Amino acid sequence: MNIFKLYKDKIIDIIKSANKKGLIKLPDNLNSINVDLPPKKFNCDLSTNVSMVLSKPNNKPPLEIAELLSNLLKKEDKYIEKLTIEKPGFININLNSEFWNFFAKDILNEKNYGSQKNLNQKKYLIEFVSANPTGPLHVGHSRGAILGDVISNLLKFNNQIVTKEYYVNDYGNQILHFSKSVYFRARELLYNEIFPTDNPDLYPGDYIKQIAKNIIDQNPNLKFDDFDLISENLTSLSVAESLKMVKFNLNNLGIKHDNFASETQIVKNKDVDKVIKKLQKDNFVYKGKIKAPEGEDNSNWIERQQLLFKSTDFGDDKDRPLQKADETWTYFASDVAYHFTKLNRNYDVLINILGADHAGYIKRITSVVEALSGEKNKLICKVSQLVKLIKDGKPFKMSKRKGDYITVEDLIEEVGKDATRFIMLNRSNDAEIDFDFTKVKEKSKDNPLYYVQYCYARISSVFRNTNKNINDKINISKYGFDYSKDEINILKKIAAWPRCIEVSLDKLEPHRIPVYLYELSSDFHSYWNMGKDDITKRFIDKNNLIKDEKLVFLKIVANVIKNGMNILGVETPEKM
RNA sequence: GCGCCCUUAGCUCAGUUGGAUAGAGCAACGGUUUUCUAAACCGUGGGUCGGAGGUUCGAAUCCUUCAGGGCGCGCCA
46 MNIFKLYKDK
56 IIDIIKSANK
66 KGLIKLPDNL
76 NSINVDLPPK
86 KFNCDLSTNV
96 SMVLSKPNNK
106 PPLEIAELLS
116 NLLKKEDKYI
126 EKLTIEKPGF
136 ININLNSEFW
146 NFFAKDILNE
156 KNYGSQKNLN
166 QKKYLIEFVS
176 ANPTGPLHVG
186 HSRGAILGDV
196 ISNLLKFNNQ
206 IVTKEYYVND
216 YGNQILHFSK
226 SVYFRARELL
236 YNEIFPTDNP
246 DLYPGDYIKQ
256 IAKNIIDQNP
266 NLKFDDFDLI
276 SENLTSLSVA
286 ESLKMVKFNL
296 NNLGIKHDNF
306 ASETQIVKNK
316 DVDKVIKKLQ
326 KDNFVYKGKI
336 KAPEGEDNSN
346 WIERQQLLFK
356 STDFGDDKDR
366 PLQKADETWT
376 YFASDVAYHF
386 TKLNRNYDVL
396 INILGADHAG
406 YIKRITSVVE
416 ALSGEKNKLI
426 CKVSQLVKLI
436 KDGKPFKMSK
446 RKGDYITVED
456 LIEEVGKDAT
466 RFIMLNRSND
476 AEIDFDFTKV
486 KEKSKDNPLY
496 YVQYCYARIS
506 SVFRNTNKNI
516 NDKINISKYG
526 FDYSKDEINI
536 LKKIAAWPRC
546 IEVSLDKLEP
556 HRIPVYLYEL
566 SSDFHSYWNM
576 GKDDITKRFI
586 DKNNLIKDEK
596 LVFLKIVANV
606 IKNGMNILGV
616 ETPEKM
């Protein structure tokens, strides 16, 4: 049940019938009518702006309309205890205890309470992480990884079909340098040769040694005498080793992709040629020149003819190159081909999770997807902003080339999977995060994760102490509870849960979920502590029994926390 | 130069298609435990929502403009 929707529908019914009777005129658009939780100070359960919206078309002050509507509303709805009209014209609604019983009963055993019902089921392909397979994942990757995973969970919670995909950039110069680095590390191990640290293209990181060692151990016949001879073989072995690391890291974060799509495969299949032909046919590409960006050192810039995609047709600020100087395809070209394969797999919606450094890429890739599919908004891109690492109060930069960066493994070891996920998710993906290592480690007790988990653990303890299992279904034969004001306060928060999911889903912004769970937990902890002064607020009575109304209340809160934490991919321990 | 993101309390951040006197945590100060988990709670102080215009019943939220910070702008992916 979604009480906002419920009352919005009721109100719309009422104004429609009042309109039929000629009592009021309706505006063109009923969408701006809201039913919301009012600010706490008003001491009521719901509020609506309907009279402000109707004010203009009726040419009457909102207060006058509020008067009329509240009379109609009160007649119509048996759950309304009291209606008050406030200053500009808000109608504030207090619901009676019958309503809260109805509410509790309705959601107690509702499957996935909070999920959006009556939503069309669509097929989603979500691409995330897609980090170059040249080494383990670092902290920066983890944010996008977690975001993608949680958006997937959120979609699934709302009955959508989701495929999680990782695009493996196992082709191109970087991969060649990577493979060469493995080659030199192998020679270092085999022949005591010194690794050429002066070559800036190579990857000096220690993990390369491990990759080299694994490859030597598993391929005794491979001869490290001439890179060119073994290049292809070594590259695919190195990428495979690197992907093992990546998968290990993802597993550390609790993430599992359904598919790994290979760029090499796309190149081998000539998918790039095919898609370029299609774009040519539809007149989206041409030979032209690109101007150098201003305000930078462009002394090395040589303007020349190259094959370009007309992304400016779709609002981009430049057309984008598909070919390099040597006429091989750019990264963009193979990505276009990759996205064409996505389209050919018949998904309804494509989602890409990108790092902040790739945000400039969004316009061109959404443009090309629009060009290929003929559909706007077929591809939705979400950006996960930078994670600024701070250690001992000082920021430090990570560098993949130098090899001095913090991996996901380090992170998990120090902070833990759940805390990492919760902290990364606790703020908007559009805002940068200061991730203070020393702070997170030191103050792990102040971590919001534990605050929410503790709430669940407290509820569990009540079940445990009354010889019940928190995971069991509760069957109540008779409702008619008399919930206190403080309990209703929490039920109101519970009632807002579907709204939290609705907005998170609509905007694909899951950070609202941990924020909500924290607030709910706060309300609950607060209530719990009231039991110290007021015995009636305790859950377990002197005879070690719990009343049905308290049991239902606890179960409802526990369900929401559990559902929310499941979406976040975080545990809810029953004991802490 | 252009594009995208950010700017809200001392610090880190929420703020639901525009809604009522803008909210949390941390930090500071003062309190709460013979009783269901104190990893908790209660209280106090703290604001020109970066600046300036505009849109309207109503703006932190939308538009314009300016300032500051970040990311990016063919031959890396």
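Residues in the first sequence are numbered from 46 upward in steps of one, following the working numbering.
Using N, Cα and C, we set each Cβ at its ideal position, and we do this for glycine too.
Fair warning: this is a prediction, and the values are worked out from it, not measured in the lab.
Close Cβ partners of residue i (< 8 Å) along its chain, the five nearest in sequence each way excluded
i, result
"Glu622", "With the chain covering only 46 through 621, there is no way to say anything about residue 622."
"Glu155", "Met46"
"Ile24", "Examination of residue 24 is not possible in this model, given that the chain is present from 46 through 621 alone."
"Asp361", "Lys408, Arg409 and Ser412"
"Ile585", "Val507, Asn510, Thr511 and Ile591"
"Lys127", "Cys89, Ile138 and Asn139"
"Met621", "Tyr495, Gln498, Tyr499 and Ala502"
"Phe135", "Pro83, Ser92, Thr93, Asn94, Ser96, Met97 and Ala111"
"Leu553", "Ile196, Leu199, Ile396, Ile425 and Lys427"
"Leu470", "Ile191, Leu192, Val195, Pro555, His556, Ile558, Pro559 and Leu613"
Cut-off 7 Å between Cβ atoms - residues of its own chain near residue i, not counting five sequence neighbours on either side
i, result
"Thr521", "Looking at the sequence provided, one finds Ile at residue 521 rather than Thr. Within the same chain, Ile521 has close Cβ partners Asp593 and Val597."
"Ser307", "Val213 and Asp215"
"Phe467", "Pro493, Leu494, Pro559, Leu613 and Val615"
"Asp402", "none"
"Glu13", "Residue 13 lies beyond the range of the chain shown here (46 to 621); nothing can be said about it."
"Lys421", "Glu415"
"Glu547", "Gln161"
"Ile451", "His183, Val184, Leu434 and Met443"
For residue i, the first and last residue of its enclosing beta strand (DSSP E)
i, result
"Cys89", "First-last for Cys89: undefined, no H or E at that position."
"Val394", "Val394 to Gly400"
"Lys332", "Val330 to Gly333"
"Lys127", "Ile125 to Glu131"
"Asn353", "The identity of residue 353 in the sequence shown is Leu, whereas the question assumes Asn. Note, Leu353: beta strand (DSSP E), Gln351 to Phe354."
"Ile435", "Val432 to Lys436"
"Ser429", "Leu424 to Ser429"
Sequence-distant residues of the same chain with beta carbon closer than 6 Å to residue i, five excluded per side
i, result
"Pro178", "Val213, Asp215, Val284, Ser287 and Leu288"
"Asp531", "Tyr572"
"Ile78", "Val95 and Val98"
"Ser276", "none"
"Arg446", "At Arg446 the pLDDT is 47, less than 50, meaning the model places this residue with poor confidence; the figure from the coordinates comes in the next sentence. Here the set comprises nothing."
"Phe482", "Lys436"
"Lys201", "Val207"
"Val320", "Val381, Ala382 and Phe385"
"Lys582", "Met575 and Gly576"
"Leu282", "Ile260"
"Tyr392", "Lys168 and Leu170"
Any non-hydrogen atom of the ligand FAD within 8 Å of residue i CB
i, result
"Val485", "This structure does not include the ligand FAD; it has no bound ligands of any sort."
Cβ-Cβ separation, residue j to residue i (assumed contact under 8 Å), whole Å
i, j, result
"Thr37", "Asn314", "No statement about residue 37 is possible, as the shown extent of the chain runs from 46 to 621 and does not include it."
"Thr386", "Asp316", "6 Å"
"Gly189", "Gly400", "6 Å"
"Leu631", "Ile57", "In the structure as shown, the chain starts at 46 and stops at 621, and residue 631 therefore has no counterpart that could be examined."
Where the alpha helix (DSSP H) containing residue i begins and where it ends
i, result
"Phe467", "Lys462 to Leu470"
"Asp262", "Asp251 to Gln263"
"Phe569", "Arg557 to Met575"
"Asp481", "First-last for Asp481: Ile478 to Asp481, but that is the beta strand (DSSP E), not the alpha helix (DSSP H)."
"Ile347", "Element bounds for Ile347: n/a, residue is neither H nor E."
"Asp371", "Element bounds for Asp371: n/a, residue is neither H nor E."
"Val605", "Asp593 to Leu613"
"Met46", "Unbroken run through Met46: none, as it is neither H nor E."
"Gly108", "Looking at the sequence shown, residue 108 is not Gly but Leu. Counting along the chain, the alpha helix (DSSP H) containing Leu108 begins and ends at Pro107 to Glu121."
"Ile220", "Asn218 to Tyr236"
"Leu550", "Trp542 to Lys552"
"Ser276", "Phe272 to Asn297"
(message) Check whether the stretch 483–503 and the stretch 520–535 touch, using three or more Cβ-Cβ pairs below 8 Å as the test.
(response) no
(request) Go through the stretch 299–330 residue by residue and report every complete run of the alpha helix (DSSP H) that reaches 4 residues or more, in order. (result) 308–313 and 316–326
(request) Only counting runs of 3 or more residues, tell me where the beta strand (DSSP E) segments fall wholly within the stretch 135–216, in order along the chain. (result) Entirely contained in the stretch 135–216, the beta strand (DSSP E) runs reaching 3 residues are, in chain order, 135–140, 168–172 and 206–213.
(request) Spell out a yes or no on whether the stretch 158–170 and the stretch 600–608 are touching, meaning 3 or more CB-CB pairs, one atom from each, closer than 8 Å. (result) yes
(request) Take every Cβ of the stretch 218–232, pair it with every Cβ of the stretch 190–197, and state whether three or more of those distances are shorter than 8 Å. (result) no
(request) Mind the definition here: the stretch 227–247 touches the stretch 257–266 only if three or more C-beta pairs lie below 8 Å; say whether that holds. (result) yes
(request) Could you tell me whether the stretch 372–380 touches the stretch 330–342, using the rule of 3 or more Cβ pairs below 8 Å? (result) no
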